[in-house]
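Here's the structure we're looking at; comments come further down.
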Amino acid sequence: MILLTLDKNTTPDRCLAQRIKSWQDPADKTSVDIFAVRFVHDANYLAGQPQQDLLALISISLSNHQSVIPDVSISIFPCSSDRLHEVELVPANVESMVRYCREQGFPLVRISSPLLLEPVYIPKPWGQEIWYTGIETRGQARVIGDGGSLPLPWVMEFLRDQLAMTVAEQLILLKVLDPLADERYGDLYFELHEQKQEVYVVTHVDKCAWPDGRGSIQLGFDPAMRAQYLTWNAFKDAYRKAVKDYEKTRRAIDAVLDQKKQELGIPLDQPVAVDQLKLWVKQLSQDIEYKDLVVREQDLKDAMDRFIAHLPLSIGDVVAVPRLVPHALQHGVRVVEFQTPVYERKILSFGQKVLTQQHWDTDEALSLVDINAEHLLPPVIVYESDDIQIQRIVNFDEFEVRRIALNGIHHFDVERYCLLMVLEGDVIIGDDAAAATLASGDVALIPANTHAGHRLKSSAGCLLLQAIPRVG
Numbered sequence: 007m008i009l010l011t012l013d014k015n016t017t018p019d020r021c022l023a024q025r026i027k028s029w030q031d032p033a034d035k036t037s038v039d040i041f042a043v044r045f046v047h048d049a050n051y052l053a054g055q056p057q058q059d060l061l062a063l064i065s066i067s068l069s070n071h072q073s074v075i076p077d078v079s080i081s082i083f084p085c086s087s088d089r090l091h092e093v094e095l096v097p098a099n100v101e102s103m104v105r106y107c108r109e110q111g112f113p114l115v116r117i118s119s120p121l122l123l124e125p126v127y128i129p130k131p132w133g134q135e136i137w138y139t140g141i142e143t144r145g146q147a148r149v150i151g152d153g154g155s156l157p158l159p160w161v162m163e164f165l166r167d168q169l170a171m172t173v174a175e176q177l178i179l180l181k182v183l184d185p186l187a188d189e190r191y192g193d194l195y196f197e198l199h200e201q202k203q204e205v206y207v208v209t210h211v212d213k214c215a216w217p218d219g220r221g222s223i224q225l226g227f228d229p230a231m232r233a234q235y236l237t238w239n240a241f242k243d244a245y246r247k248a249v250k251d252y253e254k255t256r257r258a259i260d261a262v263l264d265q266k267k268q269e270l271g272i273p274l275d276q277p278v279a280v281d282q283l284k285l286w287v288k289q290l291s292q293d294i295e296y297k298d299l300v301v302r303e304q305d306l307k308d309a310m311d312r313f314i315a316h317l318p319l320s321i322g323d324v325v326a327v328p329r330l331v332p333h334a335l336q337h338g339v340r341v342v343e344f345q346t347p348v349y350e351r352k353i354l355s356f357g358q359k360v361l362t363q364q365h366w367d368t369d370e371a372l373s374l375v376d377i378n379a380e381h382l383l384p385p386v387i388v389y390e391s392d393d394i395q396i397q398r399i400v401n402f403d404e405f406e407v408r409r410i411a412l413n414g415i416h417h418f419d420v421e422r423y424c425l426l427m428v429l430e431g432d433v434i435i436g437d438d439a440a441a442a443t444l445a446s447g448d449v450a451l452i453p454a455n456t457h458a459g460h461r462l463k464s465s466a467g468c469l470l471l472q473a474i475p476r477v478g
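Residue numbers (this note's numbering): 7 to 478.
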């Protein structure tokens with residue numbers, strides 16, 4: 007097998023594009039191009055930002071005899087001198103490449119088709135986040151293939167040219183926010199963003215937490231409370247004092263809870279199971295030294311929360327969170343979130359210890375907050391027929407999100423890529439032997455197809471979310 011070693015001037019995606027072009031030039035397309043690529047992956051999302059020496063095995067062939075679309079499969083794994091020697095001895099045919107990958111336990115991913123994403127689960131004090139495109143030190147999403155899955159950032163090395171993405175550019179961030187149903191421990195941070203744009207689509211409301219099926223999100227400030235103050239600045243000063251009073255008590259309790267974590271060898275920046283937290287707080291409430299502190303914490307939190315507005319949420323509701331508007335999804339309300347991949351926030355308050363930073367940003371956030379933003383805009387129907395309805399549910403600067411109700415066949419194309427998530431039912435992507443079936447909860451990254459569009463089919467009906475980045 008031919009081994010190509012890339013220098014810093016040749017990126018993996020450009021190398022692959024050149025090989026595909028060379029493969030397409032001959033009149034006889036029955037040939038198969040199989041080769042190996044050694045490259046350096048800058049893992050700047052990991053602690054220490056290491057450079058990883060990687061090997062990729064790649065095959066380029068026809069997807070079928072009626073098609074001119076190249077079928078590209080890839081496996082990626084760490085490079086070593088032994089691996090280099092092994093790879094060079096692998097015969098340059100599909101059977102030998104597949105056999106080698108299976109023997110070594112290396113997953114094989116078909117990157118010329120929609121890519122099924124494997125999420126990573128990130129524990130949070132309030133529950134968990136489920137990342138489908140997230141790439142951070144805390145975890146990286148993966149791409150599912152034959153025999154397992156590959157890290158998404160590794161696969162992206164070979165897709166950037168096709169997705170028209172720069173080296174620094176990131177995919178639209180798609181994740182699920184899955185809060186605990188516990189009223190005391192399942193609420194998210196009350197925070198705002200300066201740059202990040204995000205939209206929530208409600209997919210579940212816990213009936214134990216919300217018996218009537220209507221959950222809640224804290225969003226902005228309560229108009230009735232604002233009306234009690236002559237000026238906006240007077241309102242902010244009163245709210246700031248309420249937060250500072252609560253924060254002082256919150257930190258006193260957190261200091262005691264940190265001691266308990268240390269006694270059990272739990273890192274201070276790691277969340278604790280809610281049952282354990284409840285037990286500790288119950289013990290404090292029965293301790294003569296701390297019981298008044300526990301009562302005061304709840305009273306001060308109630309006083310602080312009276313300044314905040316609550317928006318009811320039901321399954322199917324959409325909330326496009328405006329920039330500079332503080333918000334906090336409440337316990338027991340699960341949402342799908344699409345957002346710009348910008349990692350910034352200002353935390354005004356939180357009903358637990360913040361594990362990712364040492365301070366709250368109340369003063370800075372209040373200097374930025376927008377009190378007049380519109381929150382809910384109705385979806386816009388962009389296309390409708392007997393088989394399909396397509397709604398645009400949000401139209402941000404960098405991307406748009408559509409909700410698709412399909413009971414039939416839908417053809418579409420994208421200029422760069424799209425993310426497709428199944429909310430209800432099943433859908434088939436593609437119309438050949440490589441067609442993939444996505445079930446409820448599955449997410450696919452669908453690259454632009456330069457030769458033909460994409461086909462979706464649902465015989466029993468399905469509900470989808472589609473995120474599409476802007477071009478240019």
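Virtual Cβ for every residue (Gly too), placed ideally from N, Cα, C. Computed from a predicted model, the values in this text were never measured in an experiment.
When the distance is taken between beta carbons, is residue j closer than 8 angstroms to residue i?
i    : j    : result
L90  : L9   : yes
D31  : I66  : no
F1   : Q224 : Limits of the chain in this structure are 7 at one end and 478 at the other, which puts residue 1 out of reach.
R408 : I399 : yes
F45  : E163 : yes
V449 : L470 : no
K181 : I141 : no
R422 : A187 : no
V207 : V428 : no
M7   : V104 : no
P185 : H316 : no
K130 : P277 : yes
L22  : I64  : yes
I396 : K463 : no
W238 : I387 : no
D281 : K359 : no
E404 : P475 : yes
R329 : E200 : yes
V149 : L183 : no
With distances taken from CA atoms, which of the options is nearest residue i?
i    : options                : result
K352 : V360, T362, T368       : T368
R246 : I259, F227, A261       : F227
N455 : L412, D167, S37        : D167
G154 : A98, S81, F418, Q234   : S81
T362 : V43, P385, Q268, R144  : R144
I128 : T139, P120, L121, S119 : T139
A442 : E200, Q292, H365, I117 : I117
S222 : I150, P56, D212        : D212
Y235 : L383, E204, N378, F313 : F313
L451 : W29, Q289, Q176        : Q176
W160 : C468, L60, L412        : L60
Check the C-beta distance from residue i over to residue j and give it rounded, since I have them as a contact under 8 angstroms.
i    : j    : result
P435 : H460 : Looking at the sequence itself, residue 435 is Ile, so the reference to Pro does not match. Their Cβ separation, rounded to whole angstroms, is 7 angstroms, which keeps I435 and H460 in contact under 8 angstroms.
A147 : L156 : Incorrect: roughly 10 angstroms between the Cβ atoms, too far for contact.
Y191 : L283 : 6 angstroms
A244 : M310 : Not confirmed; about 10 angstroms, so no contact.
K297 : G357 : The pair is not a contact, with the Cβ atoms about 19 angstroms apart (cut-off 8 angstroms).
K202 : E350 : 6 angstroms
L194 : A334 : 5 angstroms
P18  : A62  : 7 angstroms
V325 : V205 : 7 angstroms
R232 : L319 : With a Cβ gap of about 22 angstroms, R232 and L319 do not count as contacting.
Would you list the residues sitting across from residue i in a DSSP beta bridge?
i    : result
D376 : DSSP lists no partner for D376.
H333 : E197, L225
V126 : W137
R116 : S79
Y389 : I396
H365 : Its beta-bridge partners do not exist; DSSP assigns none.
L412 : I394, C468
A473 : V407, L425
S155 : I150
R461 : H417
N15  : According to DSSP, which records beta bridges pairwise, N15 is partnered with nothing at all.
At a cut-off of 7 angstroms, is residue i close to the ligand SAM when judged by its beta-carbon and the heavy atoms of the ligand?
i    : result
K181 : The ligand SAM is not part of this structure, which contains no ligands at all.
Ranges of the alpha helix (DSSP H) found wholly within the segment 173 to 209, counting only runs of at least 4 = none
Practice prompt. At 3 residues or longer, and completely inside the segment 30 to 106: list those beta strand (DSSP E) runs for me, N to C.
Written response: 39 to 48, 57 to 68, 76 to 84
Which residue spans inside the segment 213 to 264 form an unbroken alpha helix (DSSP H) run of at least 4?
229 to 232
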